[in-house]
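Participant:
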Amino acid sequence: MRLGRTLNSLEATESVARALAPLLRAGDVIALEGDLGSGKTTFVRAVAGALGIEIGLVSSPTYVIANQYPNRRGPRLAHVDCYRLSGPEELDSIGWDLLTDGTWIVAIEWPERVGGVGGGAIPLEPLRVRLEHGPARGGAESRLLTIEVPGEWLVRPEFPALVRAMRAETRCPITGVPVAPDAPTYPFASEQARMADLNKWFTGGHAISRPIDADDLAGD
Ligand code: ADP
Ligand code: MG
28 MRLGRTLNSL EATESVARAL APLLRAGDVI ALEGDLGSGK TTFVRAVAGA LGIEIGLVSS
88 PTYVIANQYP NRRGPRLAHV DCYRLSGPEE LDSIGWDLLT DGTWIVAIEW PERVGGVGGG
148 AIPLEPLRVR LEHGPARGGA ESRLLTIEVP GEWLVRPEFP ALVRAMRAET RCPITGVPVA
208 PDAPTYPFAS EQARMADLNK WFTGGHAISR PIDADDLAGD
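Count along the sequence shown from 1, add 27, and you get the number used in the working numbering.
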């Protein structure tokens with residue numbers, strides 16, 4: 028299943044990472060695609076933080092191809108950056124076999140450098156994360172995030188929270204204030220605003236634009 032949303036801030040990226048982390052299991056692979064600077068490493072670090080991993084304590088990833096993070100609270104995380112690799116055969120040198128033994132969550136940047144998704148080394152259906160630069164608004168950078176969720180993940184109990192986190196940021200139609208995608212009263216700013224909207228329906232403030240006919244009431 029494909030989900031997409033605009034990320035208007037680092038906080039928005041972190042809120043999606045917070046919703047994704049509880050969905051992850053040992054053995055899962057996350058393939059991250061997107062240009063340099065699109066936010067792949069930022070996203071993985073936010074996922075690590077949400078998993079309870081203190082990434083600040085671990086070496087800088089700049090020239091390290093695979094970082095391994097133990098995790099006292101859940102599955103351990105391997106963060107692999109294939110930017111400097113030039114083919115799947117080079118995965119041997121970073122211990123890929125060990126990282127795919129089912130005991131790690133593996134996040135892999137630049138999967139296209141090692142054959143890409145479906146290219147042999149990476150499982151056929153990883154979680155695919157694509158980040159693209161979006162339009163800059165008022166000096167702030169934005170990103171377009173697309174997540175393709177493997178079919179077998181859809182039954183995991185934490186999946187609906189990811190769907191909620193991937194809803195668009197919006198403004199409350201009643202109060203006009205911004206509403207976060209995971210707000211319990213989304214798309215309204217508060218329960219009060221939700222009731223005000225409902226009241227508009229009862230008092231004729233909202234109306235349907237044409238008469239209802241039999242087709243509207245049929246199941247599909
Ligand atoms: P990549 O790993 O894709 O090369 P990085 O995560 O290293 O990219 O860098 C992304 C840069 O973009 C960081 O400096 C980050 O602060 C910035 N940035 C700005 N807005 C966002 C956003 N909404 N999500 C992620 N990164 C963002
Ligand atoms: Mg990176």
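Just so it is clear, CB atoms sit at the ideal spot from N, CA and C, and this is done for glycine as well.
Do the stretch 113-124 and the stretch 30-38 make contact, defined as three or more Cβ pairs closer than 8 Å?
Facilitator: Touching, no.
Participant: Tell me whether Glu159, by its Cβ, gets closer than 7 Å to a heavy atom of the ligand ADP.
Facilitator: Position 132 of the sequence shown holds residue 159. No, the ligand ADP has no heavy atom inside 7 Å of this Cβ.
Participant: Taking buried to mean at least 16 other C-beta atoms within 10 Å of its own C-beta, is Asp242 buried or exposed?
Facilitator: Translated into positions along the sequence shown, residue 242 becomes position 215. By the neighbour-count rule (16 or more Cβ atoms within 10 Å), Asp242 is not buried but exposed.
Participant: Could you tell me which of Leu225, Leu158, Arg45, Gly61 sits nearest to Ala77, measuring between CA atoms?
Facilitator: The residue you call residue 77 lines up with position 50 of the sequence shown. Of the listed residues, the one whose Cα sits closest to Ala77 is Arg45.
Participant: What residue range does the beta strand (DSSP E) around Arg29 cover?
Facilitator: Here residue 29 refers to the residue found at position 2 of the sequence shown. Unbroken beta strand (DSSP E) run through Arg29: 29-34.
Participant: Going by DSSP, what residues sit across from Asn94 in a beta bridge?
Facilitator: Your numbering for residue 94 matches position 67 in the sequence shown. Asn94 is bridged to His106.
Participant: Can you list, in chain order, every residue whose CB sits closer than 6 Å to a heavy atom of the ligand MG?
Facilitator: Selection output, chain order preserved: Lys67, Thr68, Asp108, Glu136.
Participant: Quick check: what's the CA-CA separation for Ala58 versus Glu136?
Facilitator: Along the sequence shown, read from residue 1 onward, the residue named residue 58 stands at position 31. Along the sequence shown, read from residue 1 onward, the residue named residue 136 stands at position 109. Near 6 Å, if we compare the C-alpha coordinates of Glu136 and Ala58.
Participant: Please return the same chain residues whose Cβ sits closer than 8 Å to the Cβ of Ser42, not counting the five positions on each side in sequence.
Facilitator: The residue you call residue 42 lines up with position 15 of the sequence shown. Ala192, Ala207, Pro208, Asp209.
Participant: So is the beta-carbon of Leu37 under 7 Å away from any non-hydrogen atom of the ligand ADP?
Facilitator: Along the sequence shown, read from residue 1 onward, the residue named residue 37 stands at position 10. Indeed, a heavy atom of the ligand ADP lies less than 7 Å from the Cβ.
Participant: According to DSSP, which residues form a beta bridge with Thr127?
Facilitator: The residue given as residue 127 occupies position 100 in the sequence shown. In the DSSP output, where bridge partners are listed per residue, Thr127 has none listed.
Participant: Under DSSP, the alpha helix (DSSP H) around Glu41 begins and ends at which residues?
Facilitator: Here the question's residue 41 lines up with position 14 in the sequence shown. First-last of the alpha helix (DSSP H) with Glu41: 37-47.
Participant: By DSSP, does Ile82 sit in helix, in strand, or in coil?
Facilitator: Numbered from its first residue, the sequence shown carries residue 82 at position 55. Helix, per DSSP.
Participant: Could you give the residue range of the alpha helix (DSSP H) that holds Glu218?
Facilitator: Looking up residue 218 in the sequence shown gives position 191. Taken as a continuous stretch (DSSP letters only), the alpha helix (DSSP H) holding Glu218 covers 218-229.
Participant: Let me check one thing: in DSSP terms, what residues is Thr197 bridge-paired to?
Facilitator: Position 170 of the sequence shown, counting from 1, holds the residue named residue 197. Val206.
Participant: If we ignore side chains and look at the alpha-carbon of each, how far apart do Ile121 and Ala93 end up?
Facilitator: In the sequence shown, the residue the question calls residue 121 occupies position 94. In the sequence shown, the residue the question calls residue 93 occupies position 66. Cα to Cα, Ile121 sits roughly 7 Å from Ala93.
Participant: Taking DSSP as the reference, what is the three-state secondary structure of Thr173?
Facilitator: Residue 173 sits at position 146 when you count from the first residue of the sequence shown. DSSP places Thr173 in strand when its eight states are reduced to three.
Participant: I need the DSSP call for Glu152, collapsed to helix, strand or coil.
Facilitator: Numbered from 1 along the sequence shown, position 125 holds the residue referred to as residue 152. Coil.
Participant: Is it the case that the Cβ atoms of Ala188 and Ile201 are separated by a distance below 8 Å?
Facilitator: For the purposes of this step, residue 188 is identified with residue 161 of the sequence shown, where counting begins at 1. For the purposes of this step, residue 201 is identified with residue 174 of the sequence shown, where counting begins at 1. Against a cut-off of 8 Å, the Cβ pair of Ile201 and Ala188 comes out as no contact.
Participant: Restricting to Cα atoms, I'd like to know which of Val74, Glu60, Arg103 is closest to Ser131.
Facilitator: Locating residue 131 in the sequence shown gives position 104, where the first residue counts as 1. Note on identity: in this sequence residue 131 is Trp, with Ser being the wrong assignment. Taking only the C-alpha atoms, the option nearest Trp131 is Arg103.
Participant: Give a yes or no on contact between the stretch 53-67 and the stretch 212-229, applying the rule of three or more CB pairs nearer than 8 Å.
Facilitator: The stretch 53-67, when compared against the stretch 212-229, does not touch it at the 8 Å Cβ threshold.
Participant: Whole angstroms are fine: how far does the CA of Ala48 sit from the CA of Val56?
Facilitator: The residue you call residue 56 lines up with position 29 of the sequence shown. The residue you call residue 48 lines up with position 21 of the sequence shown. Rounded to whole angstroms, Val56 to Ala48 spans 12 Å at the Cα level.
Participant: Can you have a look at Asp240 and say buried or exposed, based on whether 16 or more other CB atoms are within 10 angstroms of its CB?
Facilitator: Numbered from its first residue, the sequence shown carries residue 240 at position 213. Answer is exposed; the Cβ neighbour count stays below 16.
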